[in-house]
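The listed protein sequences correspond, in order, to chains P and B. Mapping of the first sequence onto our numbering: position 234 corresponds to residue 234, and the numbering continues sequentially without gaps. Mapping of the second sequence onto our numbering: position 459 corresponds to residue 459, and the numbering continues sequentially without gaps. Glycine included, C-beta positions come from ideal geometry on N, C-alpha and C. As the structure is a computational prediction, the values presented were derived from the model and not from experiment.
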Amino acid sequence: MAQLLLLHLLAAVVAPWLAKVLRRKAFPVLAVAPAVSFGWLVSVSSDVRAGNLPTQRISWVPGLGIDLDFRLTTLSWVLALLVTGVGALVLLYCTWYFAERDPTLWRFTSVFTAFAGAMLGLVLTDNLLVLYVFWELTTVFSYLLIGHNPASSTNRRAAMQALIVTTFGGLAMLIGIIAVGVHHTYSISELLADPPPLDAVTVTALVLLLVGALSKSALVPFHFWLPGAMAAPTPVSAYLHAAAMVKAGIYLVALLAPAFAGAPAWHALTVGLGLLTMLVGGWRALRQHDIKLLLAYGTVSQLGFIVAIAGLGTKTSALSALALVIAHGLFKSTLFLTVGVVDKCTGTRDLRELSGVGRRLLPVSVPATLAALSMAGIIPLAGFVSKESALEALWQDVQTSTPLPGPWSWLAVTGVVAGSALTVAYTARFLWGAFATKPGVDPTPVKAAHPGFVLSPLLLGVGCLLLGLLSPLESPWLMPYAVSSPLGDTPPSLALWHGLTVPLGLSLVSVAVGLLLFVRRDVVGRAQARVPALVDGERGFSRTMRWVDRGAVETTAVTQRGSLPIYLAAILIVFVALPGAAALTRGTLPSIRLWDNVGQAVVGVFMVAAAVLVLVTRRRLTAVMLVGATGYGVSLLFVLHGAPDLAITQMLVETVSLVVFVLALRRLPTKFTRHPHSPSRTWRIALGVAVGASVGLIALVASGGRTADPVSAEFPTEAYAFGHGKNIVNVTLVDIRAWDTLGEVSVLVAAATGIASLIFVRTRNTRLSRATAKALPSSNPARGTWLHGGRTMRKEKRSVIFEVVTRLVFHVMLAASLFLLFAGHNQPGGGFAGGLVAGLALVVRYLAGGRYELDEAAPFDAGLLVGLGLLVAVGSALAPLAFGGTILETTAVDFTLPPCGEVHLVTSLFFDIGVYLIVVGMMLDIVRSLGTGIDRQIADEESEQEREVART
Amino acid sequence: MTDFPVPNLVPLPVLLPLLGAALTLAFRRSPRLQRSVSIVVLAAVVTVAAVLVWQTDARGPQVLWLGAWQEPLGISLVADRLSALMLLVSGIVTLLVLVFAIGQGQADSDEENESETPLTIFHPTYLVLSAGVSNAFLAGDLFNLFVGFEILLFSSYVLITVGGAASRIHAGTTYVVVSLLSSALFLVGIAAVYAATGTVNLAQLAIRIGDLAPGVALVLQLCLLTAFAIKAAIFPMSAWLPDSYPTAPAPVTAVFAGLLTKVGVYAIIRVQTLLFPDSPLQGLLMWAALLTMVIGILGAVSQSGLKRILSFTLVSHIGYMIFGIALATPHGTAGAIFYVAHHITIQTALFLITGLVERLGGTTSLDRLGGLAVASPVLATLFFVSAMNLSGIPPMSGFLAKIGLLHAGIEVGTPLAWLLVVGGIVTSLLTLYALAKVWSQAFWRTLADAPHSTETVAALGAGTLDVDPAADPATAVVVDTAPRTLPRTMLGATAAMTAVGLAITLVAGPLFAYTQRAASDLAARDPYITTVLPQDVRR
């Protein structure tokens with residue numbers, strides 16, 4: 001069975017190419033897929049009848065209980081025959097329906113074939129989840145088919161409606177399926193063989209499954225999507241109404257009825273809503289002028305009828321439900337296909353315009369009449385036989401009061417009779433509307449139909465007749481499904497004549513009333529005007545969707561303010577409300593030692609004061625200085641804790657940050673634009689205090705809760721024994737936690753690139769310019785100078801003393817940076833601190849001599865330096881692998897180097913060199929971007945302004 | 001393979017991209033070399049990740065103590081089933097997005113426009129980003145996890161503002177400030193963790209946190225969860241995401257959407273299962289999941305720009321993963337992991353498709369788009385398949401992932417779990433609605449019907465709208481007289497990304513079994529802890 005589905009899939013995949021090559025002749029080729037499937041189904045029919053059910057299993061996601069289980073039961077066999085048989089004929093019919101040059105053929109062929117395959121899979125599978133898979137696939141493919149001509153907004157809306165309504169039902173069903181699967185099984189055959197007890201979960205699941213079925217089969221209140229779906233090309237409507245999609249819901253009801261018809265709410269949902277739908281659909285069909293729309297409401301009505309009968313759940317009703325499904329499939333496909341021919345041959349579907357078509361399109365009107373009579377339930381057609389059987393089932397119920405109790409059973413019978421009367425009436429309206437010669441209406445011009453075009457409806461129409469005549473032969477094939485119901489006695493065989501029975505009488509009554517309704521259609525029309533639509537699901541749907549849309553907009557307007565301060569506040573409130581509050585309520589505070597050393601308190605007060613002042617100041621530069629002050633305070637605290645290494649690094653970082661800030665501030669207004677007395681200030685202060693208090697509390701609670709010794713207790717001994725260094729901080733950075741350092745230097749690489757990217761936008765600045773080329777004419781080139789670059793600066797910006805000091809200090813700083821790098825392993829220092837010192841040397845050079853001086857000092861690209869540094873760092877991390885070691889493993893080498901004497905080299909030095917290079921490169925990038933880059937921008941703007949001035 | 005010590009492979013997904021970044025910085029003058037380096041490096045990462053998936057599944061977690069330091073002094077990198085899978089999925093995504101970006105860069109230079117993704121900045125930064133993501137997945141150490149976050153965040157700061165347009169800087173500011181705050185809070189959390197336990201090694205923490213007073217442990221847990229929740233964009237800390245992602249260049253948004261939030265989700269899974277197994281915080285997380293799902297998807301429904309719609313669906317679907325985590329059962333965790341793998345691929349694919357839409361239609365505003373189904377059937381097919389995948393239409397990965405979560409939710413069966421199941425279903429339906437609207441407007445509707453179509457045409461510089469008067473009005477198409485073509489490399493990368501999403505369906509059986517094993521590893525905790533810290537070195 002999986003092979004059949006694969007065949008459909010394959011056909012759908014090759015369809016676009018096939019359609020490109022063969023044009024519409026692709027249809028008969030594609031029809032092979034359903035036709036072959038049909039053939040296979042016929043070939044196994046005796047097995048199915050004998051109860052020798054073909055099964056197949058392909059494992060897919062066993063962990064979720066989704067396996068491709070297939071099982072051919074009588075029910076699925078019948079539906080599969082319908083799906084494949086009608087499918088093949090409809091595909092054949094398409095050959096003449098579409099224009100040879102239709103540009104949409106490639107997608108239509110593919111989607112239609114896939115749709116047919118999905119429907120076939122749906123009825124073949126034995127796994128509820130797989131059933132859902134195919135179920136949703138039919139939804140999606142029908143969405144595409146309904147929106148086949150998407151240029152019209154009506155079509156798009158109809159497609160959307162069908163998608164949302166049926167997916168809504170589908171998702172409800174999915175919950176039901178999973179609930180059944182979690183508590184029992186996903187296997188349909190197991191579920192039916194051993195139905196679970198009807199506890200709350202099962203009943204809920206069942207109701208959800210029915211919601212899915214009812215939405216798919218377009219029952220009230222979901223019925224409105226189906227008439228809208230006739231926006232699809234007519235072959236799609238024919239297939240969708242007769243064999244596919246809507247039949248899925250009926251299939252599910254019929255599948256579950258034998259096992260669950262006794263469940264609470266079952267009959268209310270199936271029989272109750274089914275009959276209501278039958279009446280609503282029939283009533284609305286009577287007011288339609290478009291014959292296709294008339295048929296569509298007819299389908300709604302018929303679907304209600306079938307669901308009601310299938311839901312009844314007795315042996316007799318089961319038999320008649322199956323007969324109804326087959327009869328409906330045949331007559332409805334015939335009718336839609338003939339409407340398609342009429343539409344193509346006359347150019348209209350409006351029954352007020354059509355006149356005299358029946359006589360001139362005999363090959364169409366004959367099968368259409370046969371099918372219509374079958375729809376109305378007129379002897380000797382298939383529709384009659386099945387309706388008789390349905391009335392028989394209901395009459396049995398009236399007599400035995402099972403499963404529906406007395407009054408309800410009467411109501412059901414009355415409902416079906418009334419519904420049948422409406423059916424007769426709208427059938428008459430259809431036949432009259434489509435084919436009759438109407439007085440006062442000019443005969444509609446008719447083009448001749450290609451014989452192939454009418455072949456499919458003809459075959460199907462004749463099928464309606466044959467099935468009626470041969471109905472006694474049909475029964476034994478359907479009986480295995482009928483007897484699977486526990487209720488009632490084995491039903492009599494289907495037949496045209498059971499004698500003068502009550503059902504026959506009811507049938508005659510409905511025909512008589514129906515004809516009366518048709519004859520007095522003027523009265524009906526006036527009544528229609530007064531009772532416009534019994535249940536207007538469409539209005540409810542659009543109201544719901546509008547409500548969703550508005551709710552979405554309003555919710556989003558509240559949650560998505562577009563304001564960074566509000567987003568930050570939300571985050572901080574969560575921080576205070578969760579960890580902060582937990583620390584307050586669940587934590588215990590340790591005894592607090594205020595300070596080890598009064599100096600700490602002094603520094604602390606100093607830092608707090610600086611932090612508070614930052615908030616008050618209006619000048620940006622002051623704020624930056626004050627932030628720097630807190631940073632230097634941290635550095636002092638490190639000193640007081642006896643951590644010179646950290647103090648040096650912190651001090652350097654703070655200095656660099658200050659420089660960066662100051663360089664960037666040149667392009668910003670001197671004062672903040674904020675309004676210090678804005679109304680939000682109070683709660684901002686409150687939140688700030690709360691966050692600060694939370695962090696403090698968390699720190700206290702966490703430190704007070706300590707239960708174990710820190711791992712760092714072993715660092716001092718291990719750093720020397722295994723890391724070969726006396727400076728624990730450096731060993732930690734380049735060895736114990738070198739991996740962190742590698743990560744952090746990659747951060748620097750990214751940051752350096754980012755700064756360059758923001759200033760230069762497209763590339764790093766690689767345009768180096770040497771000072772000698774750009775000396776200002778005002779300077780005197782002949783005399784010796786301290787810094788070449790100084791000559792390029794304007795006089796008012798130069799400081800000779802600064803230049804002199806720079807000249808003296810620059811190389812010393814470089815030497816110091818190298819010292820920090822090499823000595824770092826045993827004494828305070830390291831690659832990071834060293835790199836910062838070298839970078840500061842460049843900063844000094846730039847400040848003293850301007851941008852040309854910087855290029856003079858570092859005539860290379862910062863990116864290259866950064867890249868080289870990263871290469872060295874990563875290379876030294878990987879190098880130990882070559883010696884059979886672990887990544888980042890270090891070793892010490894002692895050797896004698898003539899001028900220096902004994903050298904104790906720890907290989908982590910190479911890693912530190914990489915760090916050093918990256919830091920220098922980053923500093924260079926910063927100075928080039930925020931220094932040189934901004935200089936250039938300013939210079940450009942100034943010359944622009946000068947030109948402006950010159951012009952005016 | 002047996003000769004080579006597998007643990008030495010573990011750091012490679014970090015080191016290789018860093019090496020690549022170094023080389024691309026050095027080869028800054030040769031775009032071709034930069035491209036080759038990037039592709040080779042990321043392809044190697046995918047290979048290594050695949051080997052790690054295989055090895056961790058066959059032999060259990062792989063641990064490397066870097067620098068051969070004695071446990072638990074140094075830093076350990078750990079690849080278990082979860083992190084190996086994350087590495088593999090993120091590796092594939094990163095590689096394909098790179099190909100897309102290269103295609104975009106080449107196409108832009110062909111058109112003599114200035115490139116949106118300048119090579120000298122893009123390649124090294126992108127590779128560093130990839131290293132950061134890998135490091136976050138591999139970190140066996142809380143502080144190193146922070147470092148991983150920093151690497152990826154800093155490179156993301158660069159990428160989100162690349163090009164320096166005012167809108168990008170503005171959006172980038174939101175992103176950078178929020179991320180800095182989250183890093184600061186994470187740091188507070190790490191400090192608190194170290195203060196209380198004296199270690200940052202995850203395996204050791206797993207042992208030591210059990211000894212803490214429950215109140216203290218709760219404070220630590222909430223600190224970490226808050227920090228991760230910002231990164232994962234969980235309501236009410238999610239609003240920054242839709243305001244910052246959409247302005248970045250298409251490949252950047254794609255890789256951010258695919259990976260960055262998932263790193264946060266990964267961290268939550270890791271911390272919840274390894275460090276705080278006794279404090280699942282089901283109620284809190286379930287409410288967070290529900291609100292994230294529902295409010296996120298309402299945001300998507302309310303928008304009219306494709307990028308913003310997708311950003312909101314991204315937030316919303318993070319809720320699904322939190323749903324799985326909140327259940328705190330192996331099935332829930334497995335569902336969440338599967339969902340992460342699915343969502344990384346599909347969300348990336350959709351953003352790449354959006355990049356192509358922007359290219360073809362000149363905009364991503366639905367008010368100005370139309371007729372794309374006719375303009376590019378291939379793009380339409382890719383969008384439709386991916387949109388349906390994200391909406392959880394079977395048999396695609398989104399459906400399977402959803403089933404896993406719903407199954408786990410119904411299994412738990414508490415009223416709150418049922419509420420989440422219903423919320424998940426509603427979210428699924430609204431996702432479908434939001435994306436079907438996109439389809440209907442951008443792809444089905446003709447351009448002439450779009451409210452602001454003339455602006456689009458003007459923007460494309462395409463002359464006039466042509467309505468073929470001879471055509472049947474139902475099938476009439478509005479054609480852009482000078483349709484832009486989609487570069488083959490970009491289309492190929494997008495198609496491949498979509499195909500990866502579909503491939504998950506095919507391998508769903510083994511993949512789901514794998515996530516189940518990963519989840520039971522996480523629940524048991526033991527393979528992880530014992531491999532990192534053998535019994536005799538625990539202190």
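- Message: Suppose contacts are defined by Cβ-Cβ distances below 9 Å. Is L224 (chain B) in contact with S279 (chain B) by that definition?
- Response: No.
- Task: Starting from the beta carbon of D740 (chain P), find every residue of chain B whose beta carbon is closer than 7 Å, and list them in chain order.
- Result: Under the 7 Å cutoff, chain B gives I75, F143, N144, V147.
- Checking contacts by CB at 9 Å: is W444 (chain B) closer than that to chain P? Contact of W444 (chain B) with chain P is assigned, a C-beta pair being separated by under 9 Å.
- Secondary structure, beta strand (DSSP E): runs of 3+ residues fully inside the region 619-694 of chain P: Annotation: the region 619-694 of chain P contains no complete segment of the beta strand (DSSP E) (minimum length 3 residues).
- Item | Beta-carbon neighbours of I295 (chain B), restricted to chain P and to distances below 7 Å | Neighbours of I295 (chain B) across chain P, judged by C-beta separation under 7 Å: T555, T559.
- Query: What does L171 (chain P) reach in chain B if we use C-beta pairs closer than 7 Å?
  - Reply: Taking a Cβ-Cβ threshold of 7 Å, the residues of chain B close to L171 (chain P) are I425, S428, L429, in chain order.
- Query: In terms of alpha-carbon separation, which member of P:G829, P:I58, P:Q396 lies closest to N127 (chain P)?
  - Reply: Answer by Cα proximity: P:I58.
- Where does S484 (chain P) sit, in a helix, a strand or coil, going by DSSP? Correct three-state label for S484 (chain P): coil.
- Message: Bridge partners for N201 (chain B) per DSSP, in chain order?
- Response: For N201 (chain B), which the question treats as bridged, DSSP gives the partners B:D141.
- Message: Judging by CA-CA distance, which residue of P:G628, P:G642, P:S678, P:P679 is the nearest neighbour of S657 (chain P)?
- Response: Taking the Cα of S657 (chain P) as reference, the smallest distance to any Cα among P:G628, P:G642, P:S678, P:P679 is reached at P:G628.
- Message: Which runs of the beta strand (DSSP E) at least 3 residues long sit entirely within the region 39-111 of chain B? Give them in chain order.
- Response: Listed in chain order, the complete beta strand (DSSP E) runs (minimum 3 residues) inside the region 39-111 of chain B are 62-65, 76-79.
- Task: Can you have a look at T369 (chain P) and say buried or exposed, based on whether 16 or more other CB atoms are within 10 angstroms of its CB?
- Result: Answer is buried; the Cβ neighbour count reaches 16.
- Can you find a C-beta in chain P that's less than 9 Å from the C-beta of S365 (chain B)? Residue contact with chain P for S365 (chain B): absent (no Cβ-Cβ distance below 9 Å to any residue of chain P).
- Item | Cβ-Cβ distance between W135 (chain P) and L120 (chain P) below 9 Å | Against a cut-off of 9 Å, the Cβ pair of L120 (chain P) and W135 (chain P) comes out as no contact.
- Along chain B, in chain order, which residues have C-beta atoms closer than 8 Å to that of W96 (chain P)? Contact annotation for W96 (chain P) against chain B: no contact, minimum CB-CB distance about 17 Å [criterion: below 8 Å].
- Backbone CA spacing between A243 (chain P) and P451 (chain B) [nearest angstrom]: A243 (chain P) and P451 (chain B) have their C-alpha atoms spaced approximately 39 Å apart.
- Query: Between Y916 (chain P) and chain B, is there a C-beta pair that is closer than 9 Å?
  - Reply: Output row for Y916 (chain P): interface = no.
- Take every Cβ of the region 690-698 of chain P, pair it with every Cβ of the region 567-587 of chain P, and state whether three or more of those distances are shorter than 8 Å. A contact between stretches requires three or more CB pairs, one per stretch, nearer than 8 Å, and the region 690-698 of chain P meets this requirement with the region 567-587 of chain P.
- Message: For L905 (chain P) and A892 (chain P), which I take to be in contact (beta-carbon distance under 8 Å), what is that distance rounded to the nearest angstrom?
- Response: Separation of the CB atoms of L905 (chain P) and A892 (chain P) is rounded to 7 Å, and the pair is thereby assigned contact status at 8 Å.
- Item | Pairwise C-alpha distance: L163 (chain P) and F430 (chain P) | Straight across, the Cα-Cα distance linking F430 (chain P) with L163 (chain P) is about 29 Å.
- Query: In three-state terms, what does DSSP make of N127 (chain P)?
  - Reply: DSSP places N127 (chain P) in strand when its eight states are reduced to three.
- Listed by chain order, chain P residues near H452 (chain B) by CB distance under 7 Å: Those within 7 Å of H452 (chain B) in chain P number zero; the least Cβ separation is about 17 Å.
- Task: Quick one: residues in its chain with C-beta nearer than 7 Å to the C-beta of V524 (chain P), no 5 flanking neighbours on either side, listed in chain order?
- Result: Excluding its 5 nearest sequence neighbours in each direction, V524 (chain P) has C-beta neighbours in its own chain below 7 Å: L286, L517, listed in chain order.
- Task: Look at the Cβ atom of A44 (chain B), then the Cβ atom of L871 (chain P), and state whether they are nearer than 9 Å.
- Result: Not a contact, by the Cβ cut-off of 9 Å.
- Item | Among P:I566, P:L663, P:F911, P:E942, the one whose alpha carbon lies nearest that of R681 (chain P) | Of the candidates P:I566, P:L663, P:F911, P:E942, the one whose C-alpha sits nearest the C-alpha of R681 (chain P) is P:I566.
- Query: For F895 (chain P), which beta-bridge partners are listed by DSSP?
  - Reply: Answer by DSSP bridge pairing, in chain order: P:V903.
- Could you tell me whether the Cβ atoms of L220 (chain B) and V193 (chain B) are closer together than 9 Å? In this structure, V193 (chain B) lies closer than 9 Å to L220 (chain B) by Cβ.
- Give the secondary structure of T437 (chain P) by DSSP, where H, G and I count as helix, E and B as strand, and everything else as coil. If DSSP states are grouped into helix, strand and coil, T437 (chain P) belongs with coil.
- Are L91 (chain P) and F98 (chain P) closer than 9 Å when you measure CB to CB? No, they are not a contact pair.
- Query: Would T404 (chain B) pass as a contact of S428 (chain B) if the rule is Cβ separation under 9 Å?
  - Reply: Thr is not the amino acid found at residue 404 (chain B); the sequence shown has Gly there. No, Cβ-Cβ distance for G404 (chain B) and S428 (chain B) is not below 9 Å.
- Item | Option in P:F453, P:G311, P:A495, P:K438 with minimal Cα separation from G383 (chain P) | Relative to G383 (chain P), the option among P:F453, P:G311, P:A495, P:K438 whose CA is nearest is P:A495.
- Message: Below 8 Å, how does it come out for the region 303-321 of chain P and the region 399-406 of chain P: are there three or more Cβ pairs, yes or no?
- Response: Yes, the region 303-321 of chain P touches the region 399-406 of chain P.
- Residues bridged to T556 (chain P) [DSSP beta-bridge criterion]: Beta-bridge partners of T556 (chain P) (DSSP): none assigned.
- Item | Reduced DSSP category for W444 (chain B) - H, G, I as helix; E, B as strand; rest coil | In the three-state scheme derived from DSSP, where H, G and I count as helix and E and B as strand, W444 (chain B) is classed as helix.
- Query: Of all Cβ atoms in chain P, is any one closer than 9 Å to the Cβ of S36 (chain B)?
  - Reply: Taking 9 Å as the CB threshold, S36 (chain B) stays off the interface with chain P.
- Message: With distance defined between alpha-carbon atoms, name the residue in P:L68, P:S152, P:L621 nearest to Y132 (chain P).
- Response: With distances taken between Cα atoms, Y132 (chain P) lies closest to P:L68.
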